[in-house]
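Heads up, the sequence shown is in numbering that gives the first Met the number 0, so the first residue is 0 and it goes up one at a time.
Take a look at the structure below.
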Amino acid sequence: MYISKNIETLRFSVIREMSQLAAGLEDVITLGIGEPDFDTPAPIIDRAFADAVNGHTHYTPSQGDPELLEKLSASLSKERGRFIPPSAILVTHGAMNGLAAAFRTLLEPGDEVIVIEPHFPDYLAHILFAHGKIVPVATSFDAGFIPDPAAIEAAVTDNTRVILVNSPNNPTGAVMPVQTLEQIAKIARDNDLAVISDEVYDRISFEGAPPSIYNLPGMAQRTLVVNSFSKTYAMTGWRIGFTFGPQEVISQLIKVVNYSTACASSVGQRAAIAALDLAPGVLGGMASRFEKRVDLVCSRLEAMPGVRVKRPRGSFYVFVDISELSMGSREFALALLENEKLVVVPGYAFGASCDGCIRMACTLPKDRLSSAMDRLERFLESRMGK
Ligand code: PMP
């Protein structure tokens, strides 16, 4: 059969490929896929199951279960200090479906999306599926992976339609300072661009609530915020996300959900309702456990030869500079797997400018992370000694 060039040339996810290479090997430690190792809190599971037994097993409206939309409206309005009505919110099959809907709604073929590197690899595929073009803007280790607004401005062309912002960032854990967001917001306003703000790690932040570009003056009219229950509530498999923004844009996004997934899973949405009712303490606990793990990993890395690390301010990732080893990130990751049975994600997955780095997800208990660091240290010592 003929395969479309778009699909044929798209590479499989490097993150999933690394996990597949490790499958079947004994005693592997994996710092690959970015998902919380915690199980979904029991009260969420119990409520979702009870609701399923009570008949919540049918299609919901494409926009979402009305009860979930109401609850999201209440919690977002409180959090943002402005009324965000249910009509400005869309429930999606994970944040992934929100991103897909956003790009398909905002882009004409050939339109450009400015994406700050390093970036979540899946953006590339979603922009491609919408026949758009990704325009990467590189950052640097020394700048803490915070973009230079002048570089963003220089990347704007007549075809630019969207600037994508992801803070706290996957893979670096960097949180964009409000001053940088203000400068990006100005570029968006001056050039009449839309902003997609991917905030899936907003609750895993080590220095209070991270600033959001949506909250800046004049930005609520031109920003779509993409979020998810996946990371915040350890609910990756339930596949529930949500997107909010200008009501007239959300009403267009609904069509994409309508014709692609019909609606998000009804039982998953009941779980999300339960999650919003959960005592905040349960969640704070998760974020501080991630912070302690990230601290442990960074302290160990700071004492190792050949690598540099910037402490993340959110998420559960650590992005390590390995450029001193003069080997590509793929070669490094494969050798580490072969010699030490340790899975990390090679940096090139996050953009062409990231081949001097690797990503580690701190989603294992501390004792496993300590063993992982022992393995990495041994590997680095053997390489540096050569
Ligand atoms: N955005 C970012 C930055 C992510 O890291 C991920 C998941 N790894 C997603 C979106 C998608 O999350 P979801 O599980 O809600 O589809």
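Don't be surprised by glycine CBs; every beta carbon is placed ideally from N, CA and C.
TODO: Can you tell me which of the three DSSP states Y316 falls into?
DONE: strand
TODO: Within the same chain, show all residues whose beta-carbon is closer than 7 Å to that of F82, passing over the 5 residues directly before and after it, in chain order.
DONE: So the list reads S76, once near-sequence residues are dropped.
Open item on the list: If I follow the unbroken alpha helix (DSSP H) through L386, where does it start and stop?
Closed with: Here the chain covers residues 0 to 385 and nothing more, so residue 386 does not appear.
- [ ] Tell me whether the beta-carbon of R389 lies closer than 9 Å to the beta-carbon of A193.
- [x] Outside the displayed span of the chain (0 to 385) sits residue 389, for which this structure offers no information.
Task: Cutoff 6 Å; reference A51; Cβ partners in own chain excluding five residues on either side - done: V266
- [ ] Could you tell me the distance, in whole angstroms, from the CA atom of L30 to the CA atom of I113?
- [x] 29 Å
- [ ] Within its chain, find whatever has a CB closer than 6 Å to the CB of S352; leave out the 5 residues flanking it on each side and keep chain order.
- [x] E116 and A137
Task: Coil, strand or helix - E69 by DSSP - done: For E69, the secondary structure class from DSSP, reduced to helix, strand or coil, is helix.
Open item on the list: Pull the bridge partners of R358 from the DSSP assignment, please.
Closed with: Answer is F318 and V344, bridged to R358.
Task: Residues near R269 by beta carbon distance below 6 Å, same chain, minus five either side - done: These residues qualify, in order along the chain: A47, D50 and H55.
Open item on the list: Between G346 and ligand 1, is there a pair consisting of the residue's CB and a ligand heavy atom that are separated by less than 8 Å?
Closed with: no
Task: Contact test: T156 Cβ vs ligand 1 heavy atom, cutoff 8 Å - done: no
TODO: Counting only runs of 3+ residues fully inside the segment 119 to 199, write out the beta strand (DSSP E) ranges in chain order.
DONE: 132 to 137, 159 to 165 and 193 to 197
Task: Helix, strand or coil at L282 [DSSP, three-state] - done: helix
- [ ] Kindly indicate which three-state DSSP category R310 falls into: helix, strand or coil?
- [x] coil
Task: Cβ contact (3+ pairs, closer than 8 Å) linking the segment 80 to 100 and the segment 58 to 65 - done: yes
Open item on the list: Could you compute how far the alpha carbon of P345 sits from the alpha carbon of N53?
Closed with: 46 Å
Open item on the list: Let me confirm a value: P167 is counted as buried when at least 16 other C-beta atoms fall within 10 Å, else exposed. Which label applies?
Closed with: buried
Task: Distance between beta carbons of M303 and L363, contact taken as under 8 Å - done: Not a contact, Cβ separation roughly 18 Å.
TODO: Measure from the alpha carbon of A124 to the alpha carbon of each residue in E7, G284 and V199, then state which is nearest.
DONE: E7
Task: Heavy atom of ligand 1 within 8 Å of D197 beta-carbon - done: yes
Open item on the list: Taking the beta strand (DSSP E) that G93 belongs to, which residues open and close that run?
Closed with: Looking at the DSSP string, G93 is not in any beta strand (DSSP E); the run it does join, the alpha helix (DSSP H), is G93 to L105.
Open item on the list: So if DSSP puts G240 in a beta bridge, which residue, or which two residues, is it bridged to?
Closed with: For G240, which the question treats as bridged, DSSP gives the partners T91 and S227.
Open item on the list: Comparing C-alpha positions only, which one of E330, E290, I253 and L127 sits nearest to A360?
Closed with: E290
Open item on the list: Measuring only the C-alpha atoms, how far is N158 from E111?
Closed with: 6 Å
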